[in-house]
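J.: Residue numbers (this note's numbering), protein chains in the order written: chain A, 153 to 292; chain B, 153 to 292; chain C, 153 to 292; chain D, 153 to 292.
For every residue, glycine included, the Cβ atom is placed at its ideal position computed from N, Cα and C.
Keep in mind that this is a model prediction, so the values were computed, not measured.
Got a structure for you, written out below as structure tokens; questions coming shortly.
Number of protein chains: 4
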Amino acid sequence: MLTIKRLDLDDARMLIDGARAKAEEIGVPMAIAVTDESCNLIAFERMDGSKPPGTQFAIDKAFTATGTWKGTHELREACQPGQPAYGITASHGGRMVVLTGGLPIVVEGNVVGGIGVSSGSPDQDLAVAEAGIAALFGTT
Amino acid sequence: MLTIKRLDLDDARMLIDGARAKAEEIGVPMAIAVTDESCNLIAFERMDGSKPPGTQFAIDKAFTATGTWKGTHELREACQPGQPAYGITASHGGRMVVLTGGLPIVVEGNVVGGIGVSSGSPDQDLAVAEAGIAALFGTT
Amino acid sequence: MLTIKRLDLDDARMLIDGARAKAEEIGVPMAIAVTDESCNLIAFERMDGSKPPGTQFAIDKAFTATGTWKGTHELREACQPGQPAYGITASHGGRMVVLTGGLPIVVEGNVVGGIGVSSGSPDQDLAVAEAGIAALFGTT
Amino acid sequence: MLTIKRLDLDDARMLIDGARAKAEEIGVPMAIAVTDESCNLIAFERMDGSKPPGTQFAIDKAFTATGTWKGTHELREACQPGQPAYGITASHGGRMVVLTGGLPIVVEGNVVGGIGVSSGSPDQDLAVAEAGIAALFGTT
């Protein structure tokens, strides 16, 4: 029998609250998603004024980061033409996204979930995702 | 140009907080989704211990209630064999669900969004959705 | 080599204009779609205030009526449990809809396209679709 | 509660009429789509003689321009191999298209919808989309 470590809803809220605080600080409304270790959605918020496709992008970034155990931006090199992961962006019905802004959440070496942020620039999305994780781990 | 009224994120949070409070009171963990007037997701929370398909059910109940301007349970009779709405459960890629637990949110005669709740019994899902709306309108 | 008779864009506009006039007359905003004989969309209009899922329903009703050479309401009996067409509502990714409001357009015995209307009651949808066809054939 | 500005059907018709006039002027039949601020279709016309996939392309160009707040051609550079938006063409079930011919429609700094045109060369598609917007704003 396995015992799985997984983000709970309070964790997800800390992630989203920390991310949203950063998004407000930089003045960019964001869509923010948190997935569990099985890549399923735990919580989601779309800030007023964010772009419509941000919903799917945020959820898919969290999905991708959780599922690959990597930041989505780290996958970009590997999925270029000629590289080993070429084509993954079309897999899973297009849900594997290599856009910056998805991060896995790691506790004692285990991926326990992920966060995905969308609607700003790549740097902004990443900064907001990192702020969410910092809030969870009390390092802000 | 049209001027559309839409739930904002604070409204969505009030809906979810009110629903979650009711779910805790009755001791049934729920998945809770809020959509805007165009049926797009604004916010979502899955309480610890709720059933895995509750995520999609909650989102689709909110989608259906918002889009039909009816509680999802009100559609059940009309989509039975021989009735006028027979077959809608297979439309929209299966997203039109007639399970109890989805309610439109109406302000001054306009549908401004919807709430969908899943993971309990039909009565429990409906009670939790109603509690969310009561919290939004300050009638709890 | 085949020579195919097909609605042109002017025909489609007459259909939509006639349907919209009827919808305005009865005071129910509708989504209205016209497809060609191959079931592909020629023209579409969503009247202000119609329900969000009306878009897909209208397009799919036109698709279904054109493809089956029948009014969508005529299919309802045949797709009931135990009947020969049982299950078609789940085919074509859910695009075969048997909701009232889709009609084929027949010229000299050939289906040259179809019209689909959604957002009102079954009777309203059908009346608006019929008004579109009457406008095309100059019988209003 | 949010108050959203959205194109109405009259606006959509002005956009399509202006675009179609330009398409007729240059002698290239086009598919023309208009979406609202939530990326949902308001109106569509396929001119006689345009290419079959133009329907989906036009609708998806309007979807993409509305959702990204950018002309679809502006996305092309960013989604090349090695660039930040690499892979978005496979997201949203393939609906994010970076082909020239989609433009957002901006009123007082807010995206209120979009137009997508397909079936000609990139330059022709863009010119026809621009003509639609010029007709809406009375600048033709």
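Taking CB distances under 8 Å as the criterion, tell me whether L161 (chain C) reaches chain D.
T.: Position 9 of the third sequence holds residue 161 (chain C). L161 (chain C) counts as touching chain D.
J.: Just the Cα atoms here: how many angstroms apart are L227 (chain A) and V250 (chain A)?
T.: Here the question's residue 227 (chain A) lines up with position 75 in the first sequence. Here the question's residue 250 (chain A) lines up with position 98 in the first sequence. Each residue's alpha carbon lies about 6 Å from the other.
J.: Using a beta-carbon distance below 8 Å, is R198 (chain A) in contact with chain B?
T.: For this step, residue 198 (chain A) is matched to residue 46 along the first sequence. It does; some Cβ of chain B falls within 8 Å.
J.: What residue does the alpha helix (DSSP H) around G290 (chain C) start on, and which one ends it?
T.: For this step, residue 290 (chain C) is matched to residue 138 along the third sequence. First-last for G290 (chain C): undefined, no H or E at that position.
J.: Grab me the residues of I178 (chain D)'s own chain with a C-beta within less than 8 Å of its C-beta, minus the 5 sequence neighbours each way, in chain order.
T.: Indexing the fourth sequence from 1 puts residue 178 (chain D) at position 26. Correct list, in chain order: G272, Q276, A279, V280.
J.: What are the complete alpha helix (DSSP H) segments, minimum 4 residues, inside the region 235-288 of chain B?
T.: 274-288
J.: Can you list, in chain order, the stretches of the beta strand (DSSP E) that have 3 or more residues and sit fully within the region 163-242 of chain D?
T.: 183-188, 193-198
J.: Using a C-beta cutoff of 8 Å, does L255 (chain C) count as contacting chain B?
T.: Translated into positions along the third sequence, residue 255 (chain C) becomes position 103. Not one chain B Cβ lies under 8 Å of L255 (chain C).
J.: Quick check: the Cα distance between P204 (chain A) and N192 (chain A), rounded to an integer number of angstroms?
T.: Locating residue 204 (chain A) in the first sequence gives position 52, counting from the first residue. Locating residue 192 (chain A) in the first sequence gives position 40, counting from the first residue. Each residue's Cα considered, the two are about 21 Å apart.
J.: If you run the structure through DSSP and keep just helix, strand and coil, what is L161 (chain A)?
T.: On the first sequence, residue 161 (chain A) is found 9 positions in, with the first residue counted as 1. In the three-state reduction of the DSSP assignment, L161 (chain A) falls in the helix class, which pools H, G and I.
J.: Put T155 (chain B) into one of helix, strand or coil per three-state DSSP.
T.: Your numbering for residue 155 (chain B) matches position 3 in the second sequence. Reduced to three states, the DSSP call for T155 (chain B) is strand.
J.: For the region 199-215 of chain C, which residues have a beta carbon sitting closer than 9 Å to at least one beta carbon of chain B?
T.: D200, G201, K203, P204, P205, G206, Q208, F209, D212
J.: Are the CB atoms of T207 (chain A) and A183 (chain A) within a distance shorter than 8 Å?
T.: Taking the first sequence and counting its residues from 1, one reaches residue 183 (chain A) at position 31. Taking the first sequence and counting its residues from 1, one reaches residue 207 (chain A) at position 55. Yes; because the gap between Cβ atoms is below 8 Å, this pair is in contact.
J.: Closest by CA to A286 (chain D), which one among D:C231, D:A171, D:A214?
T.: Here residue 286 (chain D) is taken as the residue at index 134 of the fourth sequence, counted from 1. Ranking the options by Cα distance to A286 (chain D), first place goes to D:A171.
J.: Once you ignore the five residues that flank G219 (chain A) on each side, which residues in its own chain have a CB closer than 6 Å to its CB?
T.: In the first sequence, counting from the first residue as 1, residue 219 (chain A) sits at position 67. Setting aside the 5 residues that flank it on each side, G219 (chain A) is surrounded in the same chain by C191, each with a C-beta closer than 6 Å to its C-beta; the list follows chain order.
J.: Would C191 (chain C) pass as an interface residue toward chain B - the criterion being a Cβ-Cβ separation below 8 Å?
T.: Start at 1 with the first residue of the third sequence, and residue 191 (chain C) comes out as number 39. It does not: the Cβ of C191 (chain C) has no partner Cβ on chain B nearer than 8 Å.
J.: So, for I240 (chain C): in the same chain, excluding its five sequence neighbours on each side, which residues have a beta-carbon less than 7 Å away from its beta-carbon?
T.: Within the third sequence, residue 240 (chain C) is the residue found at index 88, counting from 1. Excluding sequence neighbours, I240 (chain C) sits near C231, M248.
J.: Does any CB atom of chain D fall closer than 8 Å to the CB of I168 (chain B)?
T.: For the purposes of this step, residue 168 (chain B) is taken as the residue at position 16 of the second sequence. Cβ-Cβ to chain D under 8 Å: no for I168 (chain B).
J.: In chain D, which residues lie less than 7 Å from A279 (chain C) when you measure between Cβ atoms?
T.: Here residue 279 (chain C) refers to the residue found at position 127 when the third sequence is read from its first residue. Under the 7 Å cutoff, chain D gives no residues; its nearest Cβ is about 20 Å from A279 (chain C).
J.: Taking the beta carbon of I156 (chain C) as the centre, do at least 16 other beta carbons fall within 10 Å, making it buried, or is it exposed?
T.: Here residue 156 (chain C) corresponds to residue number 4 of the third sequence, with the count starting at 1. With fewer than 16 other Cβ atoms within 10 Å, it is exposed.
J.: Thinking C-alpha only, which one of A:K213, A:H225, A:W221 is nearest G246 (chain A)?
T.: As a working note, residue 246 (chain A) is residue 94 in the first sequence. That would be A:K213, whose Cα lies nearest to the Cα of G246 (chain A).
J.: Determine the direct distance from the alpha carbon of W221 (chain D) to that of A164 (chain B), and round the result to whole angstroms.
T.: As a first step, residue 164 (chain B) must be located in the second sequence, where it is residue number 12. As a first step, residue 221 (chain D) must be located in the fourth sequence, where it is residue number 69. The C-alpha of W221 (chain D) is placed about 25 Å away from the C-alpha of A164 (chain B).
J.: Rounding to the nearest angstrom, what Cα-Cα distance links V186 (chain C) and I267 (chain D) in this structure?
T.: To locate residue 186 (chain C), count along the third sequence from 1; it is residue 34. To locate residue 267 (chain D), count along the fourth sequence from 1; it is residue 115. Cα-Cα distance, rounded: 20 Å.
J.: Mind listing the chain A neighbours of I194 (chain B)? Cutoff is C-beta to C-beta under 8 Å, in chain order.
T.: Residue numbering aside, residue 194 (chain B) sits at position 42 when the second sequence is read from its first letter. Chain A residues near I194 (chain B): E197, R198.
J.: What's the C-alpha gap between Q235 (chain C) and Y238 (chain B)?
T.: Residue 235 (chain C) sits at position 83 when you count from the first residue of the third sequence. Residue 238 (chain B) sits at position 86 when you count from the first residue of the second sequence. If you take the alpha carbons of Q235 (chain C) and Y238 (chain B), they lie about 14 Å apart.
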